[in-house]
Structures are given as structure tokens and as C-alpha cells.
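Q: Input: one structure, supplied below.
Residue numbers (my numbering): -9 to 40.
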């Protein structure tokens, strides 16, 4: 499920916006399983080859 889409290239954003989005991404990907990250399992039939 898509939550957001952007039509602009990331590197063409103003510097302030780039830092804002990179900070959000860092917070999203940091942490450990069980604390900030969830371990989700998907059925094999849901996987698309490639």
C-alpha cells in the first residue's frame, strides 16, 4: 500500500526539505527489531519474482 508518492527527484528538492526527509528516513531505519522496527512475515505466494 502506497502511503506517499513524489513526482520531484529527491536531489532537486530544496536543501532544507532534503534534510527533513533524510532525517525522517534515518529515524525510520534506525533501531532494533522489537523496539522501533517490526518483523513482518509475508506468505511466499505474495512475493513477485524479480
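All residues carry an ideal CB built from backbone N, CA and C; glycine is no exception. Remember, predicted model here, so these are calculated numbers, not experimental data.
Residue 21 and residue 15 - do their beta-carbons sit closer together than 7 Å?
A: Against a cut-off of 7 Å, the Cβ pair of residue 21 and residue 15 comes out as no contact.
Q: CB-CB under 8 Å to residue 13, same chain, minus the five flanking residues each way: which ones, in chain order?
A: Nothing listed; no residue qualifies.
Q: Excluding the 5 residues preceding and the 5 following residue 8 in the sequence, name in chain order all residues of the same chain whose CB lies nearer than 8 Å to its CB.
A: Only 0, 1 meet the Cβ criterion.
Q: Got a sec, what are the start and stop residues for the alpha helix (DSSP H) residue 22 sits in?
A: Here residue 22 belongs to no alpha helix (DSSP H), and DSSP marks it neither H nor E.
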